[in-house]
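As numbered in mature numbering (1 follows the signal peptide of the UniProt record, and there is no 0), residues -18 to -1, 1 to 157 make up the sequence shown, in order. Using N, Cα and C, we set each Cβ at its ideal position, and we do this for glycine too. Just so you know, these numbers come straight off a predicted model, no measurement behind them. Remarks on the structure that follows.
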Amino acid sequence: CFIFLIFYLVTIYSDYTGYPFPTAPPVDPFAKIRVDDCGKTKGCFRYGKPGCNADTCDYFLSYRRIGADVEFELSADTDGWVAVGFSSDKKMGGDDVMACVHDDNGRVRIQHFYNVGQWAKEIQRNPARDEEGVFENNRVTCRFKRPVYVPREETIVDLHLSWYYLFAWGPAIQG
């Protein structure tokens, strides 16, 4: 009876010229980071040649408040990862870090880390949302939001408080 049912359904749609199920809308390509908004609607940090932009700086970070969130945009000249950390003392150790990682499958994933001394430990609780990223022209670029206010927790900082930024990027290394 089960085999007959499958055969019957296939027969019903075999002469159908359209697709019987709704399709998802096409995915928009990654929207370019707008540096024209730096100093106006968002803050930016650039490292590289004077006048560089998100596509040409060695490292680029932008941030802006959107309601209860902060939107971050990161880009770096690397095939591995680009990150921003939040530190209370300008040094590595005890820091909340958000990283955009170019993985073995060619995707860019947003990961959450906590620096324990000089080592970054991945934290499963990731506050990022609305994540998107791309790897093009040997650059890792990403965009994500995270809440300004979070419940008091050691590994996730409240962004409404004052923090030192840590800027980092580099190659992907297994292990």
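If you check the CB distance, R28 and F12 do not come in under 8 angstroms. Leaving aside the five residues that flank N97 on each side, the residues in its chain whose CB is nearer than 7 angstroms to its CB run, in chain order, G67, M74, G75, G76, D77, V79. Boundaries cannot be given for Y131, as no beta strand (DSSP E) includes it and DSSP labels it neither H nor E. According to DSSP, residue pairing for L143 in a beta bridge does not occur. The shortest CA-to-CA distance from N35 to any of D85, N119, C20, V52 is the one to C20. With respect to the C-alpha of A154, the residue from K127, G62, D140, H142 having the closest C-alpha is G62. Membership of G67 in the beta strand (DSSP E) is indicated by the continuous run 63 to 69. Here D85 carries a coil assignment [DSSP, helix/strand/coil]. The beta carbons of K127 and D112 sit closer together than 8 angstroms.
Judged by DSSP in its simplified three-state form, D18 adopts helix.
A distance below 6 angstroms between beta-carbons, with the five flanking residues on each side excluded, links V64 to the following residues of its chain, in chain order: L56, A58, C82, V122, W151.
Distance from the Cα of K103 is smallest, within the candidate group N119, V130, L143, E136, for E136. Under the DSSP assignment, Q100 falls outside any beta strand (DSSP E); it carries neither an H nor an E label. Using a 10 angstroms sphere on the CB of P109, the tally of other CB atoms reaches 16 or more, which defines it as buried. Taken through DSSP and simplified to helix, strand or coil, R46 comes out as strand. By the beta-carbon neighbour count (other beta carbons within 10 angstroms, threshold 16), K24 is buried.
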